[in-house]
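First the structure, in the form of structure tokens, and then the observations on it.
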Amino acid sequence: MSRTHHTGRTRRSTRPIGRRTPNYLAGVGVLLWLCLVALPLYVMLGASVQSRAEYGKGGPLSFPGSFTFSNYAQDFSNGFGRYFLNTVVVTASVVGIVLLLVPPLAFAIVRNRGRATSSVFRLFLLGLAIPAQAVIVPMFYVISKAGLYDNLIGVILPTAAFALPVCTLILTGTMRDITDELFEAMAIDGASTRRVFFQLVVPLSKSGIATVVVFSALQAWNGFLFPLVLTQSEETKVLTLGLYNFQTQYGIDIPGLLAAVVLSTLPVLLVYLFARRALVQGLMGVGGK
Amino acid sequence: MKSDMAAAPGTVSGAAAGAPRKRPDGRTGVSRPGVGWALPAALFFGLFAIVPLVLVAVLSLTRWGGLGAPEFAGFDNWVTLFHDPVMIKSLWLSVLLTGLGVLVQTPLSILLGVWAAGPQRNRAVLSAVFFVPLLLSATAVSVLWRALLDPNFGVPAQARWLFGDGNLLGDRTGAIGVLVLVSAWQFTPLHALIYQGATRAIPEVLYQAAAIDGAGTVRQFFHITLPQLRNSIITSVILMVVGGLTTFDTVLILTQGGPGTDTTISAYYMYTKAFKSFDFGAGAAIALLLVVVATVISLVVVRVSGYDKMAGTKDGLS
Chain X
1348 MSRTHHTGRT RRSTRPIGRR TPNYLAGVGV LLWLCLVALP LYVMLGASVQ
1398 SRAEYGKGGP LSFPGSFTFS NYAQDFSNGF GRYFLNTVVV TASVVGIVLL
1448 LVPPLAFAIV RNRGRATSSV FRLFLLGLAI PAQAVIVPMF YVISKAGLYD
1498 NLIGVILPTA AFALPVCTLI LTGTMRDITD ELFEAMAIDG ASTRRVFFQL
1548 VVPLSKSGIA TVVVFSALQA WNGFLFPLVL TQSEETKVLT LGLYNFQTQY
1598 GIDIPGLLAA VVLSTLPVLL VYLFARRALV QGLMGVGGK
Chain E
103 MKSDMAAAPG TVSGAAAGAP RKRPDGRTGV SRPGVGWALP AALFFGLFAI
153 VPLVLVAVLS LTRWGGLGAP EFAGFDNWVT LFHDPVMIKS LWLSVLLTGL
203 GVLVQTPLSI LLGVWAAGPQ RNRAVLSAVF FVPLLLSATA VSVLWRALLD
253 PNFGVPAQAR WLFGDGNLLG DRTGAIGVLV LVSAWQFTPL HALIYQGATR
303 AIPEVLYQAA AIDGAGTVRQ FFHITLPQLR NSIITSVILM VVGGLTTFDT
353 VLILTQGGPG TDTTISAYYM YTKAFKSFDF GAGAAIALLL VVVATVISLV
403 VVRVSGYDKM AGTKDGLS
């Protein structure tokens, strides 16, 4: 992005230096990668709209001759509707908790320069380095002692906690860009801390908040580990766990299985279509940046 | 509002004196949030992330079958682990898979990222497609690839000339290869994205100067782009190391650690110990070991590369 801005300002003749001839080698490499990326996605979509008999005859690479949504319908009646709903509940709750906790925290970190807040910040930075895999055993202990085993709340709480460090990092970054002058202007108006927060900080951090929402939603939607070890019954199953179970039980029903994969991914793909920028930034959050 | 702002710098002290909420420490009178604003998040995080992290150390010194109370067992779990051939092998396998992941994904993602950083419109469109694997959950990716590679109903059945009996996951080399391939398929876009951002931050002037000196695209890549991406390479490698050592879903769904224990990496071994054999003490010990190994490797990467001594350039973990 920044490059196009720069070049826009310099004289046009200097722009395409070194890039005048198309890079054929890169073109070939990129086409190869495109095949590798697109082939599984093609098989996924193609197989999910074929009947089992047709898939068995034509194999994974054949183009679907007749479209059918029976695989999807069958998945829904096999419990995927329920799993879908559970995943929606988990995702919405995780986003809610994150939205409740992170903006005030980031506000305190950026504006209160006391020692206590900076140690809190350091705690969260340390948290960046803790992989969820490292704590599933004690998490199982804590959640079962709290009586939340096999309860969606028991999945929501740790998932939200593990989304906090990256979200905090993203939002403190955004809030640091708010200039001191604006805070001083609010102070002259005699604004309380609460008013500063709701009328200045939150409106000016909208892009950061959007990123945080997308990041935490993605973490919750795609989360597998916590549901795997903290739930067991059909009523609390989320989509990822449903997929895993489907695979171990009816792994040979490939069209049904792949329809389920599409179902589990569809909402994320829709968000990607309509809000790509926020999603990409949210994903970069995965990289701890 | 506008006149207030214009007057602000000169009249700060006067305004502050008149402001109703002057704080004892604030010279400017800007009301600053108290620690209370950070407290709910800190408590929540402490309870669900820091407490478990401490507990993992405590539990590693106990014997616990999942019910009742854990019993103190001293260093029994640790002694057993270090005499457990599967454990030793799993550590070696974790390092092998992580190393292969770094070797495969780093060049690929640098090339893709630098390519995607170009201003051409078709690159932006294709990058959007390349990005899709990252949107899928690791579970979905693994299930998808497992279906693709199914020896009877998948791609290998269509291309016997290439895959032989088609049971790619049936032998050690094949299983490891599939795990490396699937991780690369999913995570190369993430790292490419890191490199794309970093490449766009490289000042255009450097390329213009090089072009005037007669350097072609290839030389520009090796003498400008690559050195400028140094910090990003370190960031990305650390992410790959931590991610690789904790890879779990992929192994659980694609290979279940098999054939035999040939892909039982430590993270997966931890899961089976704790949640299949109900030996939670041993599971906790493996978990702690993994955290320590990942931290040590990350620190070594930072030290060896001299990352900690670099005056912060724009990218990197800031």
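Taken in sequence, the protein lines are chains X and E. Here this note's numbering runs 1347 ahead of the position in the first sequence, where the first position is 1. Here this note's numbering runs 102 ahead of the position in the second sequence, where the first position is 1. Ideal placement from N, C-alpha and C gives every residue a C-beta, glycine not left out.
The C-beta distance from Leu246(E) to Met1391(X) rounds to 6 angstroms, short enough to fall under 8 angstroms. Interface annotation, Gln260(E): in contact with chain X, CB-CB separation under 8 angstroms. Under the Cβ criterion of 8 angstroms, Ala143(E) is counted among the residues facing chain X.
Judged by DSSP secondary structure, His293(E) falls within the alpha helix (DSSP H) whose first and last residues are Arg274 to Arg302.
Between Thr363(E) and Val307(E), the alpha-carbon positions lie close to 54 angstroms from each other. The beta-carbon of Ala242(E) is placed less than 8 angstroms from the nearest beta-carbon of chain X. Leu202(E) and Leu281(E) have their alpha carbons spaced roughly 10 angstroms apart. Per DSSP, the beta-bridge partners of Phe174(E) are Thr164(E). Under the 8 angstroms criterion on CB atoms, Asn1418(X) is classed as non-interfacial with respect to chain E.
Taking a C-beta distance under 8 angstroms as the contact criterion, Ser1395(X) and Val1609(X) qualify as a contact pair. With fewer than 16 neighbouring CB atoms inside 10 Å of its own CB, Ala261(E) falls in the exposed class.
Sequence-ordered contacts of the region 1530 to 1551 of chain X with chain E read Phe1530, Glu1531, Ala1532, Met1533, Ala1534, Ile1535, Asp1536, Gly1537, Ala1538, Ser1539, Thr1540, Val1543 and Phe1544 [C-beta pairs closer than 8 angstroms]. Under the three-state reduction of DSSP output, Asn1459(X) falls in the coil class, being neither helix nor strand. Contact between the region 1566 to 1579 of chain X and the region 1486 to 1493 of chain X is present: three or more C-beta pairs spanning the two stretches fall below 8 angstroms.
A contact between stretches requires three or more CB pairs, one per stretch, nearer than 8 angstroms, and the region 1600 to 1617 of chain X meets this requirement with the region 1405 to 1423 of chain X.
For Gln1480(X), a Cβ of chain E is located within less than 8 angstroms of the residue's own Cβ. Shown here, Ala369(E) sits in a helix according to DSSP, grouped into three states. If you check the CB distance, Gly167(E) and Phe324(E) do not come in under 8 angstroms.
Within chain E, the C-beta atoms nearer than 8 angstroms to that of Ile1477(X) come from Ala151, Leu155 and Val393, in chain order. In chain order, Val1445, Val1449, Val1559, Phe1562 and Ser1563 place their CB closer than 7 angstroms to the CB of Cys1514(X), counting only its own chain and leaving out the 5 sequence neighbours on each side.
Nearest neighbour of Ile1601(X) by Cα position, chosen from Phe232(E), Arg248(E), Gln358(E) and Ser368(E), turns out to be Arg248(E).
In terms of beta-carbon proximity, Gly136(E) lines the interface with chain X, with at least one pair separated by less than 8 angstroms. Assignment of Ile1525(X) by DSSP, reduced to helix, strand and coil, places it in the coil class. Within the same chain, and ignoring the five residues on either side of Ile340(E) in sequence, the residues whose Cβ sits closer than 7 angstroms to its Cβ are Ser400 and Val403.
For the region 1601 to 1617 of chain X, the beta-carbon criterion of a distance under 7 angstroms to any beta-carbon of chain E is satisfied by Ile1601, Leu1604, Leu1605, Val1608, Ser1611, Thr1612, Val1615 and Leu1616. Taking Gln1628(X) as the centre and dropping the five residues before and after it, the same chain places the C-beta of Thr1558 closer than 6 angstroms to its C-beta, in chain order. Boundaries cannot be given for Gln222(E), as no alpha helix (DSSP H) includes it and DSSP labels it neither H nor E.
The beta-carbon distance between Leu1381(X) and Leu228(E), rounded to whole angstroms, is 7 angstroms. This is short enough to meet the 8 angstroms contact definition. Burial of Gly345(E) is indicated by the presence of at least 16 other C-beta atoms within 10 angstroms of its C-beta.
Around the beta carbon of Phe1545(X), a 10 Å sphere encloses fewer than 16 other beta carbons of the protein chains shown; the residue is thus reported as exposed. Straight across, the Cα-Cα distance linking Thr1540(X) with Ala151(E) is about 29 angstroms. Assigned with DSSP and collapsed to three states, Gly1537(X) falls in coil, not helix or strand. Listed in chain order, the alpha helix (DSSP H) elements of length 4 or more contained wholly in the region 1535 to 1609 of chain X are 1540 to 1543, 1553 to 1569, 1572 to 1577 and 1586 to 1597.
Contact annotation for Leu213(E) against chain X: Gly1376 [CB-CB distance below 7 angstroms, chain order]. At a C-beta separation below 7 angstroms, Gly1474(X) has these neighbours in chain E: Phe147 and Ala151. Within the model, the alpha-carbon separation for Phe1573(X) versus Thr366(E) is close to 20 angstroms.
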